[in-house]
Structures are given as C-alpha cells and as structure tokens.
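First up is the structure itself, then whatever we jot down about it.
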Amino acid sequence: MLKNFSKRFIGFKLLIKLAFNNLRVMTTEEQRRYPQAPLVGVGVVIVKGNEILLVKRRKEPGKGLWSIPGGLVLLGERLEEAAKREVKEETGLNVKIIKLIDVVDVVYRDKDGKVEYHYVIVDYLGKPVGGQITPGSDVEEVRWFKLEDVDQSQLTPTFAELFNRLQNLIS
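Numbering (UniProt numbering), first residue to last: 1 to 171.
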C-alpha cells in the first residue's frame with residue numbers, strides 16, 4: 001500500500017511540475033479574444049467646431065476602420081481617467097471630458113457562434129485642451145474629419161451606430 005501511495009505521489013508531483021512549467025502570462029490580445037467575461041472599455045467623441053477626431057484602428061476588431069479613440073479600462077482606473085489616457089496614447093492630445101453620451105455592449109461571434117470579443121463601452125464627449133496629434137502604436141492614422149465628409153462605410157459598426165445617433169449632438 002505504501003508503494004502504491006509513493007508512485008501516485010510522485011506522479012502527482014510530476015503533474016504539478018508540468019502544469020507550472022507550462023503556465024505563462026497571456027498577452028493583451030489573447031485576453032481580449034475569447035474572454036472569460038465582458039471587458040470594460042471607454043471611447044471619446046472629440047469635436048472641434050464642425051470636425052470630429054477619428055483614429056484608424058491597427059488591430060481587431062475593426063482593423064483598418066475609423067473609430068473614436070478609446071480602449072480598455074485598467075484595473076483600479078476610473079472611467080474618465082481611462083478615457084483621457086486612451087486619447088493621449090492614441091492621438092497625442094489631452095482632452096477635457098464634457099459628459100457621458102452612451103453606454104453600449106459590443107459582442108462579436110466567430111464562425112462557430114462562440115463569443116470572440118465582448119466589450120461594454122462607456123462613451124464620452126470631449127474637447128481637446130492641449131497636446132499635438134501623434135498616432136499611437138495601436139492606430140494607423142489620426143485625422144480630423146468634417147462631419148459631412150465622414151464615410152460611414154469606413155467606420156467600425158459600433159461607431160457608425162453612435163455617429164448616426166449623435167449627428168444632432170455634435171453638429
């Protein structure tokens with residue numbers, strides 16, 4: 001009996017050792033795809049006169065499409081702080097948050113119907129108060145668009161919906 005226990009204990013120790021050797025920290029992208037729970041994000045509609053600031057996304061979801069600056073809220077970070085940080089990181093601009101304008105849930109499913117991305121996004125209206133436009137590492141381009149020149153076919157689906165609802169607010 002002691003012999004069987006010893007073999008099982010050694011086997012258990014080997015299993016634990018193998019499990020710990022294969023552990024690694026997931027990348028941000030891996031954490032975003034097929035999440036265990038919805039991720040909280042923020043976005044900022046930035047207007048100046050009759051223009052809106054948009055960023056061309058470098059990563060999925062929405063790679064190559066235009067949207068408002070934004071991203072994930074970090075642990076311990078307040079929503080408005082996250083919104084300002086994301087704008088600075090993606091555009092180089094400092095913004096003042098004016099007001100909350102929308103809260104949306106975004107769910108993308110893969111071809112098998114599994115949830116590939118799931119975000120709860122809190123959108124704010126903001127205005128630039130400093131800084132200089134400089135595209136961050138996760139955007140391809142940052143550009144001011146006249147409201148009438150925004151091509152809705154080139155927008156992320158989520159921002160296209162928001163843009164339609166906000167036409168009166170930002171014009």
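We put the beta carbon where it would ideally sit given N, CA and C, even for glycine.
Owing to the predicted nature of the structure, the values given are computational and were not obtained by experimental measurement.
{"query": "K84: first and last residue of the uninterrupted alpha helix (DSSP H) it sits in", "result": "L79 to T91"}
{"query": "Touch test, the region 138-145 against the region 97-105, Cβ-Cβ under 8 Å, three pairs minimum", "result": "no"}
{"query": "Inter-residue CB distance, V87 and G41 (contact presumed, cutoff 8 Å)", "result": "Wrong, their Cβ atoms sit about 13 Å apart, outside the cutoff."}
{"query": "Extent of the continuous beta strand (DSSP E) run through G49", "result": "Counting along the chain, G49 falls outside any beta strand (DSSP E), and DSSP gives it neither H nor E."}
{"query": "Where R32 sits in the DSSP three-state scheme", "result": "helix"}
{"query": "Per-residue DSSP class, three states only, for S153", "result": "helix"}
{"query": "DSSP three-state assignment for E60, whether helix, strand or coil", "result": "coil"}
{"query": "Beta bridge counterpart(s) of D138 as assigned by DSSP", "result": "Per DSSP, none; premise fails for D138."}
{"query": "Rounded straight-line distance, which links the Cα of V47 to that of G126", "result": "7 Å"}
{"query": "Nearest to V122 (by Cα), restricted to the options I68, K63, N50 and P61", "result": "I68"}
{"query": "Classification of L75 by the beta-carbon crowding that lies within 10 angstroms, buried from 16 upward", "result": "exposed"}
{"query": "Range of the contiguous beta strand (DSSP E) that encloses V120", "result": "V115 to G131"}
{"query": "Where A83 falls, given that 16 or more other Cβ within 10 Å makes a residue buried", "result": "buried"}
{"query": "Alpha-carbon to alpha-carbon, L155 and N164", "result": "11 Å"}
{"query": "Whole-angstrom distance between G131 and L147, CA atom to CA atom", "result": "22 Å"}
{"query": "Rounded C-alpha distance that separates L162 from I52", "result": "13 Å"}
{"query": "Three-state class that DSSP yields for L39 in the structure shown", "result": "strand"}
{"query": "Exposed unless 16 or more other CB atoms sit within 10 angstroms - verdict on G62", "result": "buried"}
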